[in-house]
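**Student:** Protein chains in written order, with the working numbering: chain A, 1 to 329; chain B, 330 to 795; chain C, 796 to 1086. Note that the Cβ used here is the ideal one computed from N, Cα and C, for glycine as well. One structure follows; several queries about it will come next.
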Amino acid sequence: MTSLTAGGTAPKSHRRKPNRVQFKSDHPGGKVKYNKAESRWAYLFISPFYLVFLIFGLAPILFSVVVAFFNWNPMDNSHPYVGMQNFHDLVADPIFWLSVRNTFSIWFFATIPQMFMAMGIASILRSPKLRGRVFWQSMLLLPNITSAIAIAVVFGQMFGRDFGIINILLSHIGRGPIDWIEGSVTSHIAIASMITWRWVGYNSLIFLAAMNAISRDLYESADLDGANKFQQFRFVTLPQLKNTITFMVIVGTIGGLQVFAEPATLGGNYDGGDSQQFSTLTLYLFKQVAVNGTYGYAAAIGIGITVLVVIISGINFFITRRIAGDGSK
Amino acid sequence: MRNRKVQTRLAVAALAIGLAMSTLTPAYATQTITIWTYGDVIDTDLVHTYEASHPGIRINAINQGSPAAVKQKFQLYKTSKSVADVIVYETDDSGYFRHYGGSLFKNLKNYPGEASLSQYYLPWRWNQGVAENGNVIGLPTDVGGMAVAYRTDLFKAAKLPTAPAAVAAQWSGTNNVVAWSNFVKVGKKFMSAPATKNNKKIKGFIDSSGTIFKAALNQGTKKFYSGSQADLTNSQLKTAFTIATNAATATPTIGARINPYGGSDWTPGLSNGAFAVTLAPAWQLDYIIHRAPASRGKWNITSAPGNGGNVGGSQLAIPSFAQHASQAWDFISWYESPYEQLQMFKKRRLFPTASVLYDKSKTCVGVSTGSGASRTPALSASDCGYILKFKDPFFNNAAVGSIYAKSALSLYSIPSGPLERAFTDAYQNQIARVEAKKAKFTPGSHDSKDAWNKAVSDSMVILRRG
Amino acid sequence: MSSVTSSSIAPKRRRGRYFRGLSPFSYCVLLFIAFLSFFPFYWMFVVASNGQDVIAKVPPAIVPGHNFMTEFHAVLDVVPFGRTMFNTLAIALVIAFAQVFLSALAGFAFAKLRFPGQKFLVVFVVGTMMLPSQLGLVPLFMLMNKLNWINDFKALIVPAIVTAFGVFWMRQVVDAQIPNELLEAARIDGAGIMRIFRSIVVPVILPSAFVLGLFSFLATWNDYLWPLLILNSPDHYTVQVALTQLNTQAYGVDYNIVMAGSFMATAPLVLLFVFVGRRLVAGVMDGAVKG
Chain A
1 MTSLTAGGTA PKSHRRKPNR VQFKSDHPGG KVKYNKAESR WAYLFISPFY LVFLIFGLAP
61 ILFSVVVAFF NWNPMDNSHP YVGMQNFHDL VADPIFWLSV RNTFSIWFFA TIPQMFMAMG
121 IASILRSPKL RGRVFWQSML LLPNITSAIA IAVVFGQMFG RDFGIINILL SHIGRGPIDW
181 IEGSVTSHIA IASMITWRWV GYNSLIFLAA MNAISRDLYE SADLDGANKF QQFRFVTLPQ
241 LKNTITFMVI VGTIGGLQVF AEPATLGGNY DGGDSQQFST LTLYLFKQVA VNGTYGYAAA
301 IGIGITVLVV IISGINFFIT RRIAGDGSK
Chain B
330 MRNRKVQTRL AVAALAIGLA MSTLTPAYAT QTITIWTYGD VIDTDLVHTY EASHPGIRIN
390 AINQGSPAAV KQKFQLYKTS KSVADVIVYE TDDSGYFRHY GGSLFKNLKN YPGEASLSQY
450 YLPWRWNQGV AENGNVIGLP TDVGGMAVAY RTDLFKAAKL PTAPAAVAAQ WSGTNNVVAW
510 SNFVKVGKKF MSAPATKNNK KIKGFIDSSG TIFKAALNQG TKKFYSGSQA DLTNSQLKTA
570 FTIATNAATA TPTIGARINP YGGSDWTPGL SNGAFAVTLA PAWQLDYIIH RAPASRGKWN
630 ITSAPGNGGN VGGSQLAIPS FAQHASQAWD FISWYESPYE QLQMFKKRRL FPTASVLYDK
690 SKTCVGVSTG SGASRTPALS ASDCGYILKF KDPFFNNAAV GSIYAKSALS LYSIPSGPLE
750 RAFTDAYQNQ IARVEAKKAK FTPGSHDSKD AWNKAVSDSM VILRRG
Chain C
796 MSSVTSSSIA PKRRRGRYFR GLSPFSYCVL LFIAFLSFFP FYWMFVVASN GQDVIAKVPP
856 AIVPGHNFMT EFHAVLDVVP FGRTMFNTLA IALVIAFAQV FLSALAGFAF AKLRFPGQKF
916 LVVFVVGTMM LPSQLGLVPL FMLMNKLNWI NDFKALIVPA IVTAFGVFWM RQVVDAQIPN
976 ELLEAARIDG AGIMRIFRSI VVPVILPSAF VLGLFSFLAT WNDYLWPLLI LNSPDHYTVQ
1036 VALTQLNTQA YGVDYNIVMA GSFMATAPLV LLFVFVGRRL VAGVMDGAVK G
């Protein structure tokens, strides 16, 4: 917990009266005595969230997790227990693994470039000399308010093989038409472009807010030491953004691994293309629910997704901490 | 501080509004019949006609977006009192609903007028609404049928005959295999013609050779089931598969790989002459008219290879837990009566399943169904001759009525089961892969990666998983 | 560049810039991004206002046509637009407020308070973010059925007012933006936790809370799977359910009317933005003043 506290200022020692309100900073790390009043308040604060969450968020999912061990057909009244059968099927299912690869590929194309773009845009936006700020920031959020379905239709058109704008532009510069939807990587790029288009503006604003929170003093001292703009960015901005980046990478990973609306609308169904070339994990899961009516298998897929997300998020977390580095100077 | 107070008040107000809204009940007429539908199955004008003559009844048709969405919603609601009064299911799902639907839907045999109604419809389409336990669970809406819509201008340029009879003659054959292989030959001839090669806009002879599989499949007496057992390697299935893969691997390539059902290139392809031919079910004619108005007069319609075919169509069914079942029955039996189906044909070229309107072996004149305000006018002689005489001005006065009539009347009832759609997808996917050159099909091959073998093994997995 | 100025001469807020204003290059980048952001939305309007065959032209029409009013009326025929907008707005606002409020409470508790089981509970929350939401759809529906909340807005609102993401976000925000000294100073002054939360924490995190609220609002606005399952009467429609009514062709998309509907559904949000825009700017730039 303490490792995520920003700033890391040294705690001051205090004499405290028993049962007075205290905060974490009093005892960084080590054995800790809990204060009753503080704990009670804490539980009070988190209880509304947890109550609703347990009933409406967690319970349904736990139910599904249990269902993974059964063959569950909604139209049938028999729900035979099948133990690990669904999981065996999962591991042997080539379309599941294809969906895994597709999901990662889409995630890669959607998250990595977007991170850089968002940071770049935020750097431009943070200048107080910028004019028309409201206009630019509104434009950045415009993609986020258009419905995902409509956008997928529009992008599907733009990426059409024979009549899409993108191929027409390409033909003007001499490149032949690309069958975006049919191909594997190309369809991933098409979907990733939809996702990037939708989120890059929002993410740049998050970066902007985080950048603005960085103390000016740090920049001044960097300046005094003769650091140029890029060095300042690398040694002042980036480390201070460490938490934001980590946060965005984790959220981006979780979101990216759960891409659903775009591939669903691009293909018009839950297949993810003729040869499942853009079938993502959640799409495949939902196909089991909505088309095949095999809830047990769907639940097994859901668990598989969760395991993957946990692993990947963990890896991402550690990598990002390393790259962003600790505050230097 | 002040900000915070304002915000708290706003929040409380918003919450209050929210909760109040959630208890708002709609003010409806006396009875509301809720229908879960998709696409254009429920026509608003027809609905208004019904409502006008039935004061106190209101029809609430909710579009769920797709047949899959309706199916999924029904799965969840099937034992709930909030289930719709009518649900629409697609013919591809008829095996599914017939298998499970015996106890989940009202047996329409128990409703007034059903006995006399059934005789007026295509037997094989009617059967798609009969559950495995014999209950009548759904009334048929339209029948897709199958014909070939072709571009006369492109045919002419490629030195192919353009009159419907002559065109159909090119792909006639003693049996379906011969007929389809002749069809492919015409395609190859078209693609090799100099005019075609010079025309940069043409991407293929047919929009998607994948559509051939479904067309050929529906022409036989077996698809994926023998009786109620899955039969994944039967000879008719293999024949249809072979026909489709032959078309997919013909050289020169005849398929433009433009998907007519959902691809974004199909609509512009229509207007720009990207393909010369499409296997058109009746409901697709309206799409062509609506989406490519400028191509008026450039199309004609003729019979498809083999003995007819079908794509699409639906049934209207009343769930067991429906709260307004008898009113729902009154509506759907009126909506699908021969008279009203004829109106739908006139309006949107949806081809009736009420074969009394075009089957010369049935007595048509004087047929009237329903009672009270739902009684339909007796069919007149001109009503009865309308379809067979109908020529469509958009399609160069093609005898659309008689072509689709013949197509619909030459099909058989085919055993189906709950996994039919999943099986169709499995085989169709392999054919698509063959077309994309990602897989091969060699008859008799033992290679597990061979398209046919893969389709069979994938289907076995589906079967096992249920 | 930094050699041109030193901190004692350059204005406090900006250093080492050659240009007085922002470089033209930066504006070009922004313009490009703005264009890309706007184009699909504009394209929607082009499709909605042209006939279908005009779209099919190669090269495709880039200029709006005259058909928009026809399509506009066609949409209104199918969908009770005004009511739908009102429904969605109300629901989205309620959810946004509730989410922000509950997430702020919980986030603050995790960030600054100490209590047994804390670590576990946080990891638990984050962990649950990793479960795909589609997994819970069917059981959640069964629960709604039991509670008799079918076709009721409560089914949309209640499950949505909690979000693990929101708690995670707020925790991160409180951590980063509230220095412990501030809290300690308040505590020395004798303030209770509730007072501290109200007077210190909330004003500081308000901009970030606003961003979270916006995110939540948009998520509700765009949600289509769940409302489609739950809502069964036209005067309960939300925007996405209403748009689904425009899928009047079973096979393939009737672009004109779908685009017209999407455009009409988005335009009010754009207008809303014009009002909210300043707040957003202020919110995001607030951090700049901090020393």
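1) If you count every other CB in all the chains shown that lies within 10 Å of the CB of Cys-693 (chain B), and 16 or more means buried, which is it?
2) In terms of alpha-carbon separation, which member of A:Ser-313, A:Leu-281, A:Asp-271 lies closest to Gln-757 (chain B)?
3) Going by DSSP, which residues form a beta bridge with Pro-681 (chain B)?
4) Name the chain A residues that come within less than 9 Å of Tyr-1032 (chain C), Cβ to Cβ?
5) Quick check on this structure: which residue in A:Leu-285, A:Phe-278, A:Gly-296, A:Phe-247 has the alpha carbon closest to the alpha carbon of Ser-313 (chain A)?
6) Which same chain residues end up closer than 7 Å to Val-21 (chain A) when comparing Cβ atoms and leaving out the 5 residues on each side of it in sequence?
7) With a CB to CB cut of under 8 Å and the five nearest residues on each side skipped, what residues in its chain are close to Ile-575 (chain B)?
8) Where does Glu-182 (chain A) sit, in a helix, a strand or coil, going by DSSP?
9) Would you say Ala-780 (chain B) reaches chain A, if we count a Cβ-Cβ gap shorter than 8 Å as a contact?
10) Looking at Tyr-202 (chain A) and Asn-144 (chain A), is the spacing between their C-beta atoms short of 8 Å?
11) Which runs of the alpha helix (DSSP H) fall wholly inside the segment 608 to 638 of chain B and span at least 4 residues, in chain order?
12) Within a Cβ cutoff of 6 Å, which residues of the same chain sit near Val-917 (chain C), ignoring the five residues on either side of it in sequence?
13) Excluding the five sequence neighbours on either side, which residues of its own chain have a C-beta within less than 8 Å of the C-beta of Ser-447 (chain B), listed in chain order?
14) Looking at C-alpha atoms only, which residue of B:Pro-747, B:Asp-787, B:Lys-778 is the closest neighbour of Gly-430 (chain B)?
15) Cα-Cα, which of C:Phe-1012, C:Thr-1039, C:Leu-900 is closest to Ile-890 (chain C)?
16) At a Cβ cut of 8 Å, what residues of the segment 282 to 298 of chain A count as close to chain C, listed as they run along the chain?
17) How many Å lie between Glu-419 (chain B) and Ile-743 (chain B) at the Cα?
18) I'd like the ranges of any beta strand (DSSP E) spanning at least 3 consecutive residues and lying wholly in the segment 217 to 302 of chain A.
19) Quick one: what's Gln-360 (chain B) bridged to in DSSP?
20) Provide the residue(s) that pair with Pro-493 (chain B) in DSSP beta bridges, ordered along the chain.
21) Check the Cβ-Cβ distances between Thr-263 (chain A) and every residue of chain C, and say whether any is below 8 Å.
22) Within the continuous beta strand (DSSP E) that includes Trp-645 (chain B), where are the two ends?
23) List the residues of chain A that Asn-758 (chain B) touches, going by C-beta distances under 9 Å, in chain order.
24) Could you name the residues of chain A that Arg-794 (chain B) contacts, counting a contact when the two beta carbons are closer than 8 Å?
25) Listing by chain order, which chain A residues have their CB less than 8 Å from the CB of Gln-644 (chain B)?
26) Going by beta-carbon coordinates alone, are Leu-897 (chain C) and Ile-983 (chain C) separated by less than 8 Å?
27) Just tell me which of B:Thr-582, B:Leu-483, B:Arg-678, B:Ile-647 has its CA closest to the CA of Pro-414 (chain B).
28) Hey, quick one: how far does the alpha helix (DSSP H) through Arg-40 (chain A) stretch, first residue to last?
29) With a cut-off of 8 Å on the beta carbons, I'd call Pro-469 (chain B) and Glu-665 (chain B) a contact; round off their distance for me.
30) Assuming contact is defined by CB atoms lying nearer than 8 Å, are Gly-637 (chain B) and Ser-538 (chain B) in contact in what I supplied?
31) Give the residues of chain A in contact with Ala-761 (chain B), contact being defined as C-beta atoms less than 8 Å apart.
32) When you compare only the Cα positions, how much space is there between Pro-998 (chain C) and Gly-268 (chain A)?
33) If you measure from the beta carbon of Ser-411 (chain B) to each beta carbon in chain C, is any gap under 8 Å?
34) Count the other CB atoms within 10 Å of the CB of Arg-793 (chain B); is the residue buried (16 or more) or exposed (fewer)?
35) Just to make sure I have the definition right: I need the residues of chain A whose C-beta is within less than 9 Å of the C-beta of Val-1006 (chain C). Which are they?
36) With 8 Å as the threshold, decide whether the Cβ of Pro-911 (chain C) is near any Cβ in chain A.
**Tutor:** On the basis of the supplied data:
1) The count along the second sequence starts at 1 and reaches residue 693 (chain B) at position 364. Buried.
2) Residue numbering aside, residue 757 (chain B) sits at position 428 when the second sequence is read from its first letter. Per the Cα distances, A:Asp-271.
3) Numbered from its first residue, the second sequence carries residue 681 (chain B) at position 352. Paired residues: B:Asp-471.
4) As a first step, residue 1032 (chain C) must be located in the third sequence, where it is residue number 237. Those do not exist, as Tyr-1032 (chain C) stays about 14 Å from chain A at its closest Cβ, beyond 9 Å.
5) Taking the first residue of the first sequence as position 1, residue 313 (chain A) is located at position 313. When each option's Cα is compared against that of Ser-313 (chain A), the closest is A:Phe-247.
6) Start at 1 with the first residue of the first sequence, and residue 21 (chain A) comes out as number 21. Confidence in Val-21 (chain A) is poor, its pLDDT being 48 and thus under 50, which makes the residue's placement too unreliable to answer from.
7) As a working note, residue 575 (chain B) is residue 246 in the second sequence. Note that residue 575 (chain B) is Asn in the sequence shown here, rather than Ile. So the qualifying residues of the chain are Trp-509, Ser-510, Val-513.
8) Residue numbering aside, residue 182 (chain A) sits at position 182 when the first sequence is read from its first letter. Of the three classes helix, strand and coil, the one that applies to Glu-182 (chain A) here is coil, per DSSP.
9) The residue given as residue 780 (chain B) occupies position 451 in the second sequence. No, no contact with chain A.
10) Here residue 144 (chain A) is taken as the residue at index 144 of the first sequence, counted from 1. Here residue 202 (chain A) is taken as the residue at index 202 of the first sequence, counted from 1. Cβ atoms of Asn-144 (chain A) and Tyr-202 (chain A): closer than 8 Å.
11) 611 to 620
12) Numbered from 1 along the third sequence, position 122 holds the residue referred to as residue 917 (chain C). Answer for Val-917 (chain C): Phe-905, listed in chain order.
13) Here the question's residue 447 (chain B) lines up with position 118 in the second sequence. Cβ within range, chain order: Trp-455, Val-465.
14) Your numbering for residue 430 (chain B) matches position 101 in the second sequence. Taking only the C-alpha atoms, the option nearest Gly-430 (chain B) is B:Pro-747.
15) Position 95 of the third sequence, counted from the first residue, corresponds to residue 890 (chain C). It is C:Phe-1012.
16) Thr-282, Leu-285, Phe-286, Val-289, Tyr-295, Ala-298
17) Position 90 of the second sequence, counted from the start, is the residue given in the question as residue 419 (chain B). Position 414 of the second sequence, counted from the start, is the residue given in the question as residue 743 (chain B). Using only the alpha carbons, I get a separation of about 15 Å.
18) none
19) Along the second sequence, read from residue 1 onward, the residue named residue 360 (chain B) stands at position 31. Bridge partners of Gln-360 (chain B): B:Ile-386.
20) Position 164 of the second sequence holds residue 493 (chain B). The partner list for Pro-493 (chain B) (beta bridge, DSSP) is empty, contrary to what the question assumes.
21) Position 263 of the first sequence, counting from 1, holds the residue named residue 263 (chain A). The question names Thr, yet the displayed sequence has Pro at residue 263 (chain A). No, no contact with chain C.
22) Within the second sequence, the letter at position 316 stands for residue 645 (chain B). Note on residue identity: the sequence assigns Leu, not Trp, to residue 645 (chain B). Counting along the chain, the beta strand (DSSP E) containing Leu-645 (chain B) begins and ends at 643 to 646.
23) Along the second sequence, one-based indexing puts residue 758 (chain B) at 429. Ordered by position in chain A, the residues that pass the 9 Å Cβ test against Asn-758 (chain B) are Asp-271, Asp-274, Ser-275, Gln-276.
24) Indexing the second sequence from 1 puts residue 794 (chain B) at position 465. Within chain A, the residues near Arg-794 (chain B) are Asn-71, Asp-89, Asn-292, Thr-294, Tyr-297.
25) Within the second sequence, numbered from 1, the residue matching residue 644 (chain B) stands at position 315. Result: empty, since nearest Cβ-Cβ is about 16 Å, beyond 8 Å.
26) Walking along the third sequence from the start, residue 897 (chain C) turns up at place 102. Walking along the third sequence from the start, residue 983 (chain C) turns up at place 188. For Leu-897 (chain C) and Ile-983 (chain C), no; Cβs fall outside 8 Å.
27) For the purposes of this step, residue 414 (chain B) is identified with residue 85 of the second sequence, where counting begins at 1. The question names Pro, yet the displayed sequence has Asp at residue 414 (chain B). Residue B:Ile-647 is the option with its Cα nearest to Asp-414 (chain B).
28) One-based indexing of the first sequence puts residue 40 (chain A) at position 40. Unbroken alpha helix (DSSP H) run through Arg-40 (chain A): 36 to 52.
29) Taking the first residue of the second sequence as position 1, residue 469 (chain B) is located at position 140. Taking the first residue of the second sequence as position 1, residue 665 (chain B) is located at position 336. Sure, about 7 Å apart at Cβ, within 8 Å.
30) Against the second sequence, residue 637 (chain B) aligns to sequence position 308. Against the second sequence, residue 538 (chain B) aligns to sequence position 209. The answer is no: Cβ separation not under 8 Å.
31) The residue given as residue 761 (chain B) occupies position 432 in the second sequence. Residues of chain A passing the Cβ test: Asp-274, Ser-275.
32) Numbered from 1 along the third sequence, position 203 holds the residue referred to as residue 998 (chain C). Numbered from 1 along the first sequence, position 268 holds the residue referred to as residue 268 (chain A). Taking the straight line joining both Cα atoms gives about 46 Å.
33) Reading the second sequence from its first residue, position 82 is the one you call residue 411 (chain B). Cβ-Cβ to chain C under 8 Å: yes for Ser-411 (chain B).
34) By one-based count along the second sequence, residue 793 (chain B) stands at place 464. Exposed is the call here.
35) Against the third sequence, residue 1006 (chain C) aligns to sequence position 211. Correct list: Tyr-202, Leu-205, Ile-206, Ala-209.
36) Counting from 1 along the third sequence, the entry for residue 911 (chain C) is found at position 116. Closer than 8 Å: yes.
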